[in-house]
Ligand code: SOE
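Numbering (the working numbering), first residue to last: 108 to 486.
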């Protein structure tokens, strides 16, 4: 039986628009059992020429320049929100009201208040929803989850995560507008906390449960930048760097650090988890490997082992190539769409939902509040 079409209306066409479009295009080739097939029905962006170029490149059937028009269309089943963070709430509320499924780029919103409204809207409308925290579905990270859930690490004492970049060091870089909205507090809501630490927090909650309290520091190294929308030099409102200590509800201790000022690092996302019996480490730059240390090994051979996560019995890998041949960043998005489509058939929810992502938003807000007050803050 051929798969039923699931018509996608994509809002935005930046880097994430490409990652999601690629996932929709590939998913049924590698997950042929799925009963629904995403169809790239329409892409929406204010700049018609660029939207048309994007549509042609990726095979979208049509173009809209007003997201409200897109949401009105009866031939659209699911809205994918890939536009800046300050648009997420309004689009999600309108899309939920029209009964559309919603796949929203991370972070869910700029703050908890917006996120709460979004959760309320999708729950009230009863529409399937998901947030693109893609790193959960890197096979090595999913394997880490399996090992933890099997109890192999035992009691977890420590969680350590960093996400380091260096692309905003130049004081000449403006803020605001296309591509640079991540530096604009109004558009983004926060800096590295919502953009990068949110990934680390989502993974951490998924692997080790909820966080209880945090104490944080943030810094804005470049205080003023030219604003692309006004042409004037304006105050920079985002956090360029953020580090925080945290306590998980299960008693483990954590450190999280993120910056866009770590010269030499482009996207170094790593985490390490130390348990009573075993430890694991993961590094985005080597994303197909999971480092594992098991204290129960015979001391003659005990040591950190590097698991090349390519065997077909490991998460998602039977979908791809033969053992030994690895996959990359884009595959995590394919896996996320596959799980979302499967959830529509089984009714088994594919996380992170808006509600799950709201918890991450709450941690981000507690972190930013703590950095302002200098106090330990409950999540
Ligand atoms: C920022 O540079 C960014 O593109 C984030 O917005 C993404 O979420 C992250 O995965 C990579 O870095």
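Note that the Cβ used here is the ideal one computed from N, Cα and C, for glycine as well. From a predicted model like this one, the values you see are computed outputs, not experimental measurements.
{"query": "For residue 271: DSSP bridge partner residues", "result": "366, 375"}
{"query": "Residue 335 (DSSP reduced to helix, strand or coil)", "result": "coil"}
{"query": "Beta-carbon spacing of residue 240, residue 293 below 9 Å", "result": "no"}
{"query": "Three CB pairs or more closer than 8 Å across the segment 398-405 and the segment 299-316", "result": "no"}
{"query": "Beta-carbon spacing of residue 273, residue 153 below 9 Å", "result": "no"}
{"query": "Bounding residues of the alpha helix (DSSP H) (the contiguous stretch that carries residue 173)", "result": "From DSSP, residue 173 is part of no alpha helix (DSSP H); its letter is neither H nor E."}
{"query": "Rounded straight-line distance, which links the Cα of residue 473 to that of residue 333", "result": "29 Å"}
{"query": "N- and C-terminal bounds of the alpha helix (DSSP H) containing residue 356", "result": "Neither: residue 356 is in no alpha helix (DSSP H) and is coded neither H nor E."}
{"query": "Reference residue 451, options 119, 209, 127, 410, closest by Cα", "result": "209"}
{"query": "beta-carbon residue 122 near the ligand SOE non-hydrogen atom, thresh 8 Å", "result": "yes"}
{"query": "Which of helix, strand or coil DSSP assigns to residue 382", "result": "strand"}
{"query": "Residue ranges of each alpha helix (DSSP H) within the segment 147-212, 4 or longer", "result": "155-165, 174-179, 195-204"}
{"query": "Inter-stretch contact (C-beta, 8 Å, three-pair minimum) for the segment 168-186 and the segment 109-117", "result": "yes"}
{"query": "Bridge partners - residue 75, DSSP secondary structure assignment", "result": "This structure cannot speak to residue 75, because the chain is shown only from 108 to 486."}
{"query": "Bridge-paired residues (DSSP) for residue 138", "result": "Its beta-bridge partners do not exist; DSSP assigns none."}
{"query": "Contacting residues, own chain, Cβ-Cβ under 7 Å from residue 142 (five flanking each side not counted)", "result": "110, 111, 452"}
{"query": "Proximity to residue 176 [Cα-Cα], best of 261, 150, 456", "result": "150"}
{"query": "Residue 303 Cβ short of 8 Å to the ligand SOE heavy atom set", "result": "yes"}
{"query": "Backbone CA spacing between residue 275 and residue 407 [nearest angstrom]", "result": "47 Å"}
{"query": "Ordered list of beta strand (DSSP E) runs contained in the segment 215-269, each at least 3 residues", "result": "236-238"}
{"query": "heavy atom of the ligand SOE below 8 Å from residue 253 C-beta", "result": "no"}
{"query": "Neighbour-count burial assignment, residue 139, 16 or more Cβ in a 10 Å radius", "result": "exposed"}
{"query": "Residue closest to residue 313, alpha-carbon to alpha-carbon, out of 325, 242, 178, 349", "result": "242"}
{"query": "Cβ distance (whole Å) where residue 267 is taken to contact residue 320 below 8 Å", "result": "Wrong, their Cβ atoms sit about 17 Å apart, outside the cutoff."}
{"query": "Cut-off 6 Å between Cβ atoms - residues of its own chain near residue 202, not counting five sequence neighbours on either side", "result": "178, 186, 209"}
{"query": "Reduced DSSP secondary structure (H/G/I, E/B, other) of residue 400", "result": "strand"}
{"query": "Nearest residue (CA-CA) to residue 377, options 204, 212, 344, 251", "result": "251"}
{"query": "Range covered by the alpha helix (DSSP H) that runs through residue 444", "result": "436-453"}
{"query": "Whole-angstrom distance between residue 168 and residue 162, CA atom to CA atom", "result": "7 Å"}
{"query": "Proximity below 9 Å, CB of residue 238 to CB of residue 405", "result": "no"}
{"query": "The ligand SOE heavy atom lying under 8 Å from the CB of residue 241", "result": "yes"}
{"query": "Nearest-angstrom beta carbon gap, residue 236 and residue 245 [assumed within contact, 8 Å]", "result": "With a Cβ gap of about 22 Å, residue 245 and residue 236 do not count as contacting."}
{"query": "For residue 480, the first and last residue of its enclosing alpha helix (DSSP H)", "result": "461-480"}
{"query": "Residue 374: CB within 8 Å of a non-hydrogen atom of the ligand SOE", "result": "yes"}
{"query": "Whole-angstrom C-beta distance between residue 417 and residue 432, which should lie under 8 Å", "result": "6 Å"}
{"query": "Residues near residue 381 by beta carbon distance below 6 Å, same chain, minus five either side", "result": "264, 265"}
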